[in-house]
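Some notes on the structure that comes next.
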Amino acid sequence: MCPWEFHDKPRDECGVLGIYAPGNSVSLKAYYGLNALQHRGEESAGIAVSDGKQIRVHKKMGLVAEVFNKDILSALKGNLAIGHVRYSTSGDSSEVNAQPLLYKDDKGSVAVAHNGNITNARQLKKRLAQTRTSGYTNLDSEIFLRLLAYYRNLSLEKLLELFLKEISGSYSLVIMTENSLIGLRDPYGMRPLCLGKLKEMESGYILASETCALRAVGGELVREIDPGEGVIIDKNGVSFMRSFPGRCRRLCIFEYIYLARSDSVIDGRTVNSVRREFGRELAREHPVAGDVVISIPESGTAMAMGYAEQCGLPFREGLLRNRYIGRTFIKPGQKNRELAVKMKFNVISDVIQGQRVVVVDDSLVRGTTSCQIVRMLREAGAKEVHLLVASPPLSSPCYYGIDIPSAAELVAAHRTLEEIRQYVGSDSLQYLSLKGMLQVLRRPKEFCTACFDGVYPVPVFEQETG
332 MCPWEFHDKP RDECGVLGIY APGNSVSLKA YYGLNALQHR GEESAGIAVS DGKQIRVHKK
392 MGLVAEVFNK DILSALKGNL AIGHVRYSTS GDSSEVNAQP LLYKDDKGSV AVAHNGNITN
452 ARQLKKRLAQ TRTSGYTNLD SEIFLRLLAY YRNLSLEKLL ELFLKEISGS YSLVIMTENS
512 LIGLRDPYGM RPLCLGKLKE MESGYILASE TCALRAVGGE LVREIDPGEG VIIDKNGVSF
572 MRSFPGRCRR LCIFEYIYLA RSDSVIDGRT VNSVRREFGR ELAREHPVAG DVVISIPESG
632 TAMAMGYAEQ CGLPFREGLL RNRYIGRTFI KPGQKNRELA VKMKFNVISD VIQGQRVVVV
692 DDSLVRGTTS CQIVRMLREA GAKEVHLLVA SPPLSSPCYY GIDIPSAAEL VAAHRTLEEI
752 RQYVGSDSLQ YLSLKGMLQV LRRPKEFCTA CFDGVYPVPV FEQETG
């Protein structure tokens, strides 16, 4: 059983990282970069390093700091590395499914780390089932490795073109041979990938899911990798290739809502500034007569601050999140779930007592956490509790690498607004409209909003996420 099995937030499948730094050891930088991406996956972590002759991999279940120590990093010698942190949305949560994945044959080695979800994985696996590249994991990500192995005679450019044409779904991908670092983003750009320059190294580069990882290793942003674009970094420098320049961009909207770290930059704007503007738009749509605004920390904090600023209400820390709860295993059952929320959050009673409390959260998935928090606030003496959600109602699952539950588990899928309010127990409940959210993002046609409206931009061949 996974820790926090009943989690009440969407989870991203993983974060990826790649570093190329000729003449320099990169394992420690990869470690720092993965730490910066830890929020994208807490179940397993791994780093693959090449010294130009062979690729070594170390990966295990656990957080980055639990998987690696000084001795392990010292043994990973090389000037080229890729790294991965993972949540399991496709494939079991077990060490055999940790990434990077490694393939070796008489022509050399190749390692792969993938963020996303392949929607035609079953069809591709059937095609490859009779080849020598049959797999040893149940990951959709292994499709990339098996295609790499099967088409070893193709150039890197032709391989990337093959991926873009053959593979359906979402992916940001980093690939490593003994001497090259490759990045690839799906034709719709659903999962993020950026390129950075290592400032102290003339020919050092980094690929990462988010810009926060660039800063962690002393890098600066060059630019985001475009949808349908590949990049190859080797002794000849940096080269780019594009196969689908005409496809319409469909970045996952949840990167801005919850997934990305607040200090990361997407399209030239910090995630934090966009989240604050979501809060302001929510206040314009749904002003509430309250005394104090609080957030459900930490993901809802920027939205709550924006809401308070727009309404002219004070923002206060009314809930304290226990940062040291660790990877606690909680048994199923409603009472255990309620206990887990109490372990995770504590009410600061003097902020709440006698107040009309406006609670702002980034999203509402199952509603499990919100029910318990509303109850805790009332027990602490809140006169009224108003729940404001800074995103639209979640009504559809995700098949592109975000662990959003089935429609049957989504609190908004089969309930009216009033029924949801009664379920969570608040005095009022309001959501930010999809129109308002897209207005904040300025380019409304460039985002995947399938979890809100059920419109899937990429065909879904198999209705499962694992």
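Everything in the sequence shown is counted per our numbering, starting at 332 for the first residue and increasing by one. Note that beta-carbon positions come from the ideal geometry of N, C-alpha and C, so glycine has one too.
1. Output the distance between the C-alpha atoms of D471 and R573, rounded to the nearest integer angstrom.
2. Compare the C-alpha of Y434 against each of S501, G349, V388, H617 and name the closest.
3. Which partner residues does M507 have in the DSSP bridge list?
4. Return the CA-CA distance between S405 and R706, expressed in angstroms with no decimal places.
5. Please list, in chain order, all residues of the same chain as G349 whose beta carbon is under 6 Å from its beta carbon, the five residues on each side excluded.
6. CB-CB under 8 Å to S465, same chain, minus the five flanking residues each way: which ones, in chain order?
7. From L552 to K528, what does the alpha carbon distance come to, in whole angstroms?
8. Could you pull out every residue in the same chain whose Cβ sits closer than 6 Å to the Cβ of G535, ignoring the five residues on either side in sequence?
9. In this structure, does DSSP put K457 in helix, strand or coil?
10. Which class does N677 belong to by DSSP, given the choice of helix, strand or coil?
11. By alpha-carbon positions, which one of S630, C642, E397, M392 ends up nearest to S425?
12. Flag this pair as yes or no: are the beta carbons of L490 and Y481 separated by less than 8 Å?
13. Are there 16 or more other CB atoms within 10 angstroms of the CB of E629, so buried, or fewer, so exposed?
14. State the CB to CB distance for the pair E560 and R607, rounded to an integer number of angstroms; the pair is presumed to be in contact (CB under 8 Å).
15. Which residues in the same chain as A744 place their Cβ atom closer than 6 Å to its Cβ, once the five residues preceding and following it in sequence are excluded?
16. Note the first and the last residue of the continuous alpha helix (DSSP H) segment covering A547.
17. Please classify Y655 as buried or exposed, where buried requires at least 16 neighbouring CB atoms within 10 angstroms.
18. Drop a sphere of 10 angstroms on the beta-carbon of G637, count the other beta-carbons inside from all chains shown, and report buried for 16 or more, exposed for fewer.
19. Between the stretch 577-597 and the stretch 703-719, do three or more beta carbon pairs fall short of 8 Å?
20. So, under 8 Å CB-CB, S540 and L368 are touching, yes? Tell me the CB distance rounded to an integer number of Å.
21. Since V605 and V771 should fall inside the 8 Å C-beta cutoff, what is the C-beta to C-beta distance between them, to a whole number of angstroms?
22. Quick check: the Cα distance between F399 and E373, rounded to an integer number of angstroms?
23. How far does the alpha helix (DSSP H) with L748 in it reach, from first residue to last?
24. Under the three-state reduction of DSSP, which class applies to Q761: helix, strand or coil?
25. Under 8 Å by Cβ, that's how I've got G354 and N446 pegged, so tell me the actual separation to the nearest angstrom.
26. Taking 8 Å as the threshold (C-beta atoms), are V689 and L719 in contact?
27. Between the C-alpha atoms of R546 and K776, what's the straight-line distance to the nearest angstrom?
28. Enumerate in chain order the residues of its own chain whose CB-to-CB distance from Y754 is below 8 Å, with the five nearest sequence positions on each side excluded.
29. Over the uninterrupted alpha helix (DSSP H) stretch that includes E777, give me the two end residues.
30. Apart from the five residues on each side of it in sequence, which residues of its chain come closer than 7 Å, Cβ to Cβ, to V791?
31. Where do the ends of the alpha helix (DSSP H) carrying L476 lie?
32. Under a Cβ-count criterion, where at least 16 other Cβ atoms within 10 Å of its own Cβ denotes burial, should F571 be classed as buried or exposed?
33. By the DSSP assignment, the beta strand (DSSP E) with A412 in it spans what residues?
34. Report yes if the CB atom of G500 is closer than 8 Å to the CB atom of I556, and no otherwise.
The short version:
1. 23 Å
2. V388
3. A442, L512
4. 50 Å
5. I413, V505, L512, L538
6. Per-residue confidence for S465 stands at a pLDDT of 49, beneath the threshold of 50, marking its modelled position as unreliable; the derived number appears in the next sentence. If we look at S465 and ignore the five residues flanking it on each side, its Cβ neighbours are L459, R477.
7. 6 Å
8. A352, L529
9. helix
10. strand
11. M392
12. no
13. exposed
14. At roughly 30 Å, the Cβ-Cβ gap does not stay under 8 Å, so E560 and R607 are not in contact.
15. S726, A738
16. 542-547
17. exposed
18. buried
19. no
20. 6 Å
21. 7 Å
22. 14 Å
23. 748-755
24. strand
25. Going by Cβ atoms, the distance from G354 to N446 rounds to 29 Å, so no, they are not a contact pair.
26. yes
27. 30 Å
28. G698, C702, V742, R746
29. Premise fails: E777 is in no alpha helix (DSSP H) and is neither H nor E.
30. T450, Y730
31. 473-481
32. exposed
33. 411-417
34. no
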